[in-house]
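A.B. asks:
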Amino acid sequence: MKSRFLKQVRQQNPLVHNITNIVAANFAANGLLAIGASPLMSNSIEEMEEIARFSQVLVINIGTLLGNDVEAMLLAGKTANKVGIPVVLDPVAVGATQFRRETVKRLLNEIKFTLIRGNAGEIAALAGVQWEAKGVDAGSGQGDVAALAKKAAHDYRCIVALSGEIDVISDGSQVVKIANGTPMFPKITASGCLLGAICGAFLAVAKSDNYFDATLEACATYAIAGERAAASLNPTEFGQFEVGLLDNLGGISPEMIEQYARITYA
Amino acid sequence: MKSRFLKQVRQQNPLVHNITNIVAANFAANGLLAIGASPLMSNSIEEMEEIARFSQVLVINIGTLLGNDVEAMLLAGKTANKVGIPVVLDPVAVGATQFRRETVKRLLNEIKFTLIRGNAGEIAALAGVQWEAKGVDAGSGQGDVAALAKKAAHDYRCIVALSGEIDVISDGSQVVKIANGTPMFPKITASGCLLGAICGAFLAVAKSDNYFDATLEACATYAIAGERAAASLNPTEFGQFEVGLLDNLGGISPEMIEQYARITYA
Amino acid sequence: MKSRFLKQVRQQNPLVHNITNIVAANFAANGLLAIGASPLMSNSIEEMEEIARFSQVLVINIGTLLGNDVEAMLLAGKTANKVGIPVVLDPVAVGATQFRRETVKRLLNEIKFTLIRGNAGEIAALAGVQWEAKGVDAGSGQGDVAALAKKAAHDYRCIVALSGEIDVISDGSQVVKIANGTPMFPKITASGCLLGAICGAFLAVAKSDNYFDATLEACATYAIAGERAAASLNPTEFGQFEVGLLDNLGGISPEMIEQYARITYA
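Going line by line, the protein sequences match chains A, B and C. Quick note on numbering: the first sequence equals residues 483 to 748 in my numbering. Quick note on numbering: the second sequence equals residues 483 to 748 in my numbering. Quick note on numbering: the third sequence equals residues 483 to 748 in my numbering.
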């Protein structure tokens, strides 16, 4: 694949507004800085409208959702829609509780999302497909992840990035698979949350007719950075993997993406 | 000692529900993943009952307690008691303020805890014993930690794991000491919080008549992982210690526990 | 320069009360532990008065400010003033939104601060000087940072530590510059927040007529620790930089400060 967006992220340092959780906040901010973006983490309803007006993208993550976050998310999302910046949804563990299901339903009803990024269990919950999920983890469903991503993208009329051993990106018609990555990703917390944020950074520098390609490049970039971080490690060195992932997000180049990406267009 | 629970943690990946704090959330989740458990961090009262019903253990940590967390803790704890999963209390800095003392008193009155894990200062505060504590730190009391753990376990009719240079585990009659560990533990934040969470993971895979042994193995596992992480480091390399602790939690095996544990049955 | 305070931080382990944010909480606590202080992170209004009474310093950081944090900050700050401990303000992204501007205005009106620590964009916002800031980042204004720090210190009658490529410390009359540091600092999140907390630790062990020198030594210590952490790294190894910064905060000695500090008295 041709890398078209990483360089722009590094040049433009887009401001990524994250409404996020106490587990991911630090790691997502560091990952965004490493890739070249400028993170702003805020859940304060008092400043949601104003932040949407000077940000280049909004990323809503429901990881450790509290009741009073929901109104802030809605206000930020609606304002982002109004000013025309892309909006990403990371529906962490959406299938796990009624509170999460209802919150995400409300978000999906009232905000127009550019991209939903989740693991198979989360995307299945959104698509109304049976899946064996477990808490915040993807679970071990053996279904057809490509069909799952395509259905969810079709249902919600947005791009879906389903992350896992194979990442699948779909807009409801196209389906693209990325075979890069490492089994170490799900062994560090918030690795999915950070990917959602990085997708946001790539969307921030893309024009709306390139959102699919920007998402694809974001997912490939992240998967390759993880793959390279894991390459020199013992498979249980999870602490070093977290450090190495940030190092590799900092060091990855357009040339590496073009050289290492293993993409399949279905 | 014989290792009986680590292997089960790795096989069953128990879901550990943590009501925790903004300092420990990320690190505790990563430590739980490294040891083989599946972390879920949530303080939302809206989902406390539901999460208790599909989790294997609940860990309540009052590290950065806010007023509205208390009701969530009570609801989660009572539901956990109802469904019969073990409940761990980490009474961070309980002696430091009236708010913490009163909150912990209420938690102890209304929830049946399986295990209380704390440092000497915290356990002393619970046991009504004089101790020189300092903020969230253990303090430098020179009292008899074995007697302290035994008294608190007797008073609250649960297991007490008192962490420090020597860990002491008691159920009010038995007292066991673990001599593993490193002075680097108290030099990284949330190292006690993570131990509380790891105890939760071990309790989650144990039957109720094995809770004492599961706690003992959890504490030994953690202390040995820290000892091994520190072994190759300069004593002030605290950043690398945090990374190495996660690596060693990932890499520790039942054989290592059996080989390195320094346990004394009193 | 002569190091006079680091040794005291290591000997006295001052208790630093931080009202802080979900991005910085863990990292700031680890940095404080590494330098030798004792961190306590709490935003709970219920314990603000009590904590102020046994802490040696208060650090207020508005990084991920929520509406109900403001009253806690005011109560803690006023109590700190009453008992006579120093108070540090870290006005994160103060220029970015009206909510932040108004909150900081209220804090500055009702609390007497010993020190304001911020980047050029933040100090410019306080001083009412035009500056090109961006979200939580310093921005790229090319103004005279020494004049900026001096004006803000004069306006608010406190010490101002303006962090950047060159750090500038002023009390409204004196202006001192520190040329140590590394471009990697702004590439890890909460590196400014941690500096604010470390300034707190140094103020905690100083007498009030030494607050300026304590701030200067804190900033030099931190800049040198970062400089040394970066020295052995590739300039994009941001993960390792974060780890190495903690290692170097742990390992830095008064002799290193005296040897490496590049201070200019204006």
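Where a beta carbon is used, it is the ideal one built from N, C-alpha and C, also for glycine.
How is V725/A classed by DSSP in three states: helix, strand or coil?
C.D. replies: V725/A: helix per DSSP, three-state reduction.
A.B. asks: If I measure Cβ to Cβ from L590/B and keep anything under 7 Å in the same chain, skipping five residues before and after, which residues do I get?
C.D. replies: Contacts found: Y638.
A.B. asks: Mapping the DSSP letters down to three states, classify A578/A as helix, strand or coil.
C.D. replies: Coil at A578/A, not helix or strand.
A.B. asks: With a Cβ-Cβ cutoff of 9 Å, do G577/B and A607/B count as a contact?
C.D. replies: Yes, the Cβ-Cβ distance between G577/B and A607/B is below 9 Å.
A.B. asks: Can you tell me the Cα-Cα spacing of V552/C and L571/B, whole angstroms?
C.D. replies: Looking at the two C-alpha atoms, the distance is approximately 29 Å.
A.B. asks: Applying a beta-carbon distance threshold of less than 8 Å, which residues of chain A neighbour R582/C?
C.D. replies: Here the neighbours are E529.
A.B. asks: Verify the CB distance criterion: does S612/C have a CB-CB separation below 9 Å to chain A?
C.D. replies: The residue you asked about is not Ser; residue 612/C is Gln in the sequence shown. So, not an interface residue.
A.B. asks: Buried or exposed for D691/A, please, with buried defined as at least 16 other CB atoms from any protein chain shown within 10 angstroms of its CB.
C.D. replies: When all chains shown are included, D691/A counts as exposed.
A.B. asks: Give the residues of chain B in contact with A712/C, contact being defined as C-beta atoms less than 9 Å apart.
C.D. replies: In chain order: nothing, as chain B lies at least about 13 Å away.
A.B. asks: Got a sec: is the Cβ-Cβ distance from K594/A to anything in chain D below 9 Å?
C.D. replies: The structure shown has no chain D; the protein chains it does contain are A, B and C.
A.B. asks: Under 9 Å between the Cβ atoms of L597/A and A643/A?
C.D. replies: The answer is yes: Cβ separation under 9 Å.
A.B. asks: Just to make sure I have the definition right: I need the residues of chain A whose C-beta is within less than 8 Å of the C-beta of F667/C. Which are they?
C.D. replies: The premise fails here: F667/C is roughly 11 Å from chain A at the closest Cβ pair, so nothing lies under 8 Å.
A.B. asks: Note down, one range per segment and in chain order, each alpha helix (DSSP H) of at least 4 residues found wholly within the stretch 640-703 of chain C.
C.D. replies: The stretch 640-703 of chain C contains these whole alpha helix (DSSP H) runs: 673-686.
A.B. asks: Ignore the nearest five residues each way along the sequence and tell me which others in A707/B's own chain have a CB closer than 7 Å to its CB.
C.D. replies: If we look at A707/B and ignore the five residues flanking it on each side, its Cβ neighbours are L727, N730, L731, I734.
A.B. asks: Using 8 Å as the threshold, is the stretch 662-673 of chain B in touch with the stretch 712-727 of chain A, meaning 3 or more CB pairs across them?
C.D. replies: The stretch 662-673 of chain B, when compared against the stretch 712-727 of chain A, does not touch it at the 8 Å Cβ threshold.
A.B. asks: Return no unless some Cβ of chain C is closer than 9 Å to the Cβ of N503/A.
C.D. replies: It does: the Cβ of N503/A has a partner Cβ on chain C nearer than 9 Å.
A.B. asks: Counting contacts by CB-CB distance shorter than 9 Å, is L515/B in contact with chain A?
C.D. replies: With 9 Å as the cut-off, L515/B counts as an interface residue toward chain A.
A.B. asks: Give the secondary structure of G559/C by DSSP, where H, G and I count as helix, E and B as strand, and everything else as coil.
C.D. replies: Of the three classes helix, strand and coil, the one that applies to G559/C here is helix, per DSSP.
A.B. asks: Residues of chain A with a CB under 9 Å from the CB of I660/B: which are they?
C.D. replies: The contacting residues do not exist; I660/B stays about 23 Å from chain A at best.
A.B. asks: Taking the alpha carbon of N543/B as the point to measure from, which residue in L556/B, Q490/B, E614/B has its own alpha carbon closest?
C.D. replies: Closest option to N543/B, Cα to Cα, is L556/B.
A.B. asks: For M738/A, does the three-state DSSP call read helix, strand or coil?
C.D. replies: Helix, per DSSP.
A.B. asks: Can a CB atom of chain A be found closer than 9 Å to the CB of L685/B?
C.D. replies: No, because no Cβ of chain A sits closer than 9 Å to the Cβ of L685/B.
A.B. asks: With 9 Å set as the bound, which would you pick, yes or no: does the beta-carbon of V725/B sit closer than that to a beta-carbon of chain A?
C.D. replies: So, interface residue.
A.B. asks: Do the stretch 517-529 of chain A and the stretch 509-521 of chain C touch if we need at least three Cβ pairs shorter than 8 Å?
C.D. replies: No: fewer than three Cβ pairs fall under 8 Å.
A.B. asks: Just grab the DSSP bridge partners of R599/C for me.
C.D. replies: According to DSSP, which records beta bridges pairwise, R599/C is partnered with A643/C.
A.B. asks: Can you tell which of E584/A, Q538/A, A609/A, F694/A has its C-alpha closest to the C-alpha of L497/A?
C.D. replies: Cα-wise, what sits closest to L497/A is Q538/A.
A.B. asks: Provide the residue(s) that pair with Y747/B in DSSP beta bridges, ordered along the chain.
C.D. replies: V658/B, per the DSSP bridge assignment.
A.B. asks: Give the secondary structure of D572/C by DSSP, where H, G and I count as helix, E and B as strand, and everything else as coil.
C.D. replies: Here D572/C sits in strand by DSSP.
A.B. asks: Chain C partners of N525/A, CB-CB under 9 Å?
C.D. replies: Residues of chain C passing the Cβ test: I504, T546, L548.
A.B. asks: N543/A lies in the beta strand (DSSP E); which residues open and close that run?
C.D. replies: First-last of the beta strand (DSSP E) with N543/A: 539-543.
A.B. asks: Given this structure, state the Cα-to-Cα distance separating T746/A from M666/A, to the nearest angstrom.
C.D. replies: Roughly 22 Å separates the two Cα atoms.
A.B. asks: In angstroms with no decimal places, state the Cα-to-Cα distance between S655/B and D695/B.
C.D. replies: If I take the Cα positions, the gap works out to 14 Å.
A.B. asks: Just verifying my parser: in three-state terms, what is the DSSP assignment at N500/A?
C.D. replies: In the structure shown, N500/A sits in a strand (DSSP, three-state: E or B).
A.B. asks: Measuring alpha carbon to alpha carbon, tell me which residue in T697/B, F581/B, N563/B is nearest I660/B.
C.D. replies: The option with the nearest alpha carbon to I660/B is T697/B.
A.B. asks: Please list the terminal residues of the continuous alpha helix (DSSP H) segment that includes L715/B.
C.D. replies: Unbroken run through L715/B: none, as it is neither H nor E.
A.B. asks: Using a Cβ-Cβ distance cut-off of 9 Å, determine whether G721/A contacts chain B.
C.D. replies: G721/A counts as touching chain B.
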